[in-house]
Amino acid sequence: MSFSKDQIPSEDELEQYFANIAHARGVPPLYQEFRSEKTQSDGIEIHMDIYEVGKEAPTVIFIPGTAVYAMCFVEILQKIGQAGYNVIGFDPRGHGRSGGIRGDYTITELIRDTQEVIDYAKNRFGGNISLFGSSQGGIVAFYTAALEEERIQSAICQNIADLTRTDTIKLVRFPGLTKAIKPVLMTFSRLFPNADVPILSYLDLEKEKLRYFGDFKKFMKQDPLTNHTVKLKVLKSLMDTELPKPIEEIRAPLMVVQGNKDLIFPVSYTKKLYERLTCPKRLEIFKGLTHSMLVENVDTVAPPILEWLNSVHAPRNERASQDGIGG
Numbered sequence: 000m001s002f003s004k005d006q007i008p009s010e011d012e013l014e015q016y017f018a019n020i021a022h023a024r025g026v027p028p029l030y031q032e033f034r035s036e037k038t039q040s041d042g043i044e045i046h047m048d049i050y051e052v053g054k055e056a057p058t059v060i061f062i063p064g065t066a067v068y069a070m071c072f073v074e075i076l077q078k079i080g081q082a083g084y085n086v087i088g089f090d091p092r093g094h095g096r097s098g099g100i101r102g103d104y105t106i107t108e109l110i111r112d113t114q115e116v117i118d119y120a121k122n123r124f125g126g127n128i129s130l131f132g133s134s135q136g137g138i139v140a141f142y143t144a145a146l147e148e149e150r151i152q153s154a155i156c157q158n159i160a161d162l163t164r165t166d167t168i169k170l171v172r173f174p175g176l177t178k179a180i181k182p183v184l185m186t187f188s189r190l191f192p193n194a195d196v197p198i199l200s201y202l203d204l205e206k207e208k209l210r211y212f213g214d215f216k217k218f219m220k221q222d223p224l225t226n227h228t229v230k231l232k233v234l235k236s237l238m239d240t241e242l243p244k245p246i247e248e249i250r251a252p253l254m255v256v257q258g259n260k261d262l263i264f265p266v267s268y269t270k271k272l273y274e275r276l277t278c279p280k281r282l283e284i285f286k287g288l289t290h291s292m293l294v295e296n297v298d299t300v301a302p303p304i305l306e307w308l309n310s311v312h313a314p315r316n317e318r319a320s321q322d323g324i325g326g
């Protein structure tokens, strides 16, 4: 099945595509357990995939990373849902099935999208909410947690970053070159914010292996919903978006998860930031796992994540189970 990258496929086409992928990976069609809903952020339609348990159950809001969309992580999201949580996986603007120009966003805009989904979750299920983000989505969850510590119970971040730190530049494909041209890039991003930049020019995704597809680059090539480019203003945003408050002042409980074979986020970088956190926190480094662990190693990474969620949401979760709502 081939798709045009210029338009989002129909729901029937996507259902067939998801069914083919599930069959090839040897897993059930878990996407069928989620229902599609929409909300709005800055007038842009935001697509959500919802696993509903019930109003008394806690809610986990999932934020995917660069280029991808929530249903790429369907296995771990379904496992969280099966454990008794409402799950809302959403595609940020310019990603997946959401509105907006493909690859056109800033980190600040993605934070606003997340805040809108928090509003939706509070109205739909109540205020017992944790955020969960992967890669760029982990950074967005981290930043949003600093802003929304009164409205969330915790955030789980696969990778964190302070985008204004000088050592954050190590996270791109060619850190030495990027450091040298950063002043030029920042100038050009102001002059030509909507110029297209290939994602593979700053993230080495061929090194990220995926079962069935071979590597992440090959997955992107055949997938109908992934982005191949971002606007130049995205790179500027990834270099100059300030944390809403100093790391030491963040109060929301945070769990940070990472594979020690992550080729994009060095463990040493993550640990430096983690050590500065003064909030309730947990760091889980998975031996031998890569940046793709939330897709490739669900049975390994899910138990400690669920342990964290159960500890954060214990009182409400216990009541939900007693009422026959929890899983």
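Mapping the sequence shown onto numbering that gives the first Met the number 0, position 22 (from 1) lands on 21, and the numbers just tick up by one. The beta-carbon is built from N, C-alpha and C at its ideal position, and this holds for glycine as well.
Contact set for P28: own chain, Cβ-Cβ below 6 Å, skip 5 residues either direction:
What you label residue 28 is simply residue 29 of the sequence shown in a count that begins at 1. Non-local beta-carbon contacts of P28 in its own chain, meaning distances under 6 Å to residues more than five positions away in sequence, involve A18, A21 in chain order.
Who are the Cβ neighbours of Y68 in its own chain at under 6 Å, not counting the five residues just before and after it?
Residue 68 sits at position 69 when you count from the first residue of the sequence shown. Taken in chain order, the residues that qualify are D90, H94, G95, L224.
Cβ pair L288, T299 closer than 9 Å:
Your numbering for residue 288 matches position 289 in the sequence shown. Your numbering for residue 299 matches position 300 in the sequence shown. Result yes, Cβ atoms of L288 and T299 sit closer than 9 Å.
Taking only the alpha-carbon atoms, compute the straight-line gap between R111 and E44 and give it to the nearest angstrom.
Working through the sequence shown from its first residue, we reach residue 111 at position 112. Working through the sequence shown from its first residue, we reach residue 44 at position 45. Each residue's Cα considered, the two are about 13 Å apart.
Please report how far the alpha carbon of E306 lies from the alpha carbon of G88, in whole angstroms.
Counting from one through the sequence shown, the residue named residue 306 turns up at place 307. Counting from one through the sequence shown, the residue named residue 88 turns up at place 89. Each residue's CA atom was taken as its position, placing E306 and G88 some 20 Å apart.
For a test of the three-state rule: what should DSSP assign to N191, helix, strand or coil?
Taking the sequence shown and counting its residues from 1, one reaches residue 191 at position 192. Residue 191 is actually Phe in this sequence, not Asn. Three-state result, F191: coil.
Which of helix, strand or coil does DSSP assign to V333?
Residue coverage of the chain in this structure runs from 0 to 326, which leaves residue 333 outside it and unanswerable.
Under the three-state DSSP convention, the category S40 falls into
Within the sequence shown, the letter at position 41 stands for residue 40. Taken through DSSP and simplified to helix, strand or coil, S40 comes out as strand.
Could you tell me the distance, in whole angstroms, from the CA atom of R124 to the CA atom of T58?
Numbered from its first residue, the sequence shown carries residue 124 at position 125. Numbered from its first residue, the sequence shown carries residue 58 at position 59. Checking the sequence, you will find Phe at residue 124 rather than Arg. Rounded to whole angstroms, F124 and T58 show a C-alpha spacing of 7 Å.
From D261, D222, M254, residue whose alpha carbon lies closest to that of E12:
If you number the sequence shown from 1, residue 12 lands on position 13. Looking at the Cα atoms, D222 is the closest of the given residues.
Could you tell me whether the Cβ atoms of Q157 and G132 are closer together than 9 Å?
Taking the sequence shown and counting its residues from 1, the one referred to as residue 157 is at position 158. Taking the sequence shown and counting its residues from 1, the one referred to as residue 132 is at position 133. Taking 9 Å as the cut-off, the beta carbon of Q157 is found closer than this to the beta carbon of G132.
According to DSSP, simplified to helix, strand and coil, what is A154?
Taking the sequence shown and counting its residues from 1, the one referred to as residue 154 is at position 155. Three-state DSSP puts A154 in a strand.
Pair every Cβ in the segment 140-147 with every Cβ in the segment 240-256, then say whether three or more of these pairs are closer than 8 Å.
Contact holds: three or more Cβ-Cβ distances are below 8 Å.
DSSP-derived helix/strand/coil call for S35
The residue given as residue 35 occupies position 36 in the sequence shown. Taken through DSSP and simplified to helix, strand or coil, S35 comes out as strand.
In chain order, what residues of the same chain have a beta carbon less than 7 Å from the beta carbon of K260, not counting five sequence neighbours either side?
Taking the first residue of the sequence shown as 1, we reach residue 260 at position 261. So the list reads G287, L288, T289, once near-sequence residues are dropped.
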